[in-house]
Amino acid sequence: MIRNIQNLKGWWYLETDNFVIASDLKNKKTISELQVNLEKCRSVFNQYYPQQHPLKAVSVCKVFESRDEYQGYVEDKF
Numbered sequence: 030m031i032r033n034i035q036n037l038k039g040w041w042y043l044e045t046d047n048f049v050i051a052s053d054l055k056n057k058k059t060i061s062e063l064q065v066n067l068e069k070c071r072s073v074f075n076q077y078y079p080q081q082h083p084l085k086a087v088s089v090c091k092v093f094e095s096r097d098e099y100q101g102y103v104e105d106k107f
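Residue numbers are given in the working numbering: position 25 of the sequence shown equals residue 54, and the series is strictly consecutive.
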């Protein structure tokens, strides 16, 4: 996944404890908030649904700059 992002113009990725965030967002405040909130959500989720086994994969969160980009991505997949 990271290799794919590196080949897309304007896209970047950010690794957190539990996620790889892939995006073309340019707003640093939004990126920062997203990073914090995703980790908070994971923490709450784990309180109610504790992991039975260690994770073997990382969660990927793709965030698009525009609705049109998202719709194009979804149409390609379905």
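Beta carbons: idealized from backbone N, C-alpha and C, even for Gly.
Tell me whether the beta-carbon of residue i lies closer than 8 Å to the beta-carbon of residue j.
i: S88; j: N47; result: yes
i: Q64; j: T45; result: yes
Mind reading off the beta-carbon distance from residue i to residue j? Whole number of angstroms is fine, and I expect it under 8 Å.
i: E94; j: D53; result: 5 Å
Alpha helix (DSSP H) containing residue i: first to last residue?
i: L63; result: K57 to Y77
i: N33; result: I31 to Q35
Leaving out five residues on either side along the sequence, give the residues of the same chain with a beta carbon under 6 Å from the beta carbon of residue i.
i: R71; result: N47
i: L43; result: I50
i: V92; result: S52 and L54
In the DSSP assignment, find the unbroken beta strand (DSSP E) run with residue i in it and report its ends.
i: K91; result: S88 to V92
i: L43; result: W41 to E44
i: S52; result: F48 to S52
Using a Cβ-Cβ cutoff of less than 8 Å, which residues in the same chain neighbour residue i once the five nearest sequence positions on both sides are dropped?
i: Q81; result: none
i: W41; result: I34, A51, S52 and D53
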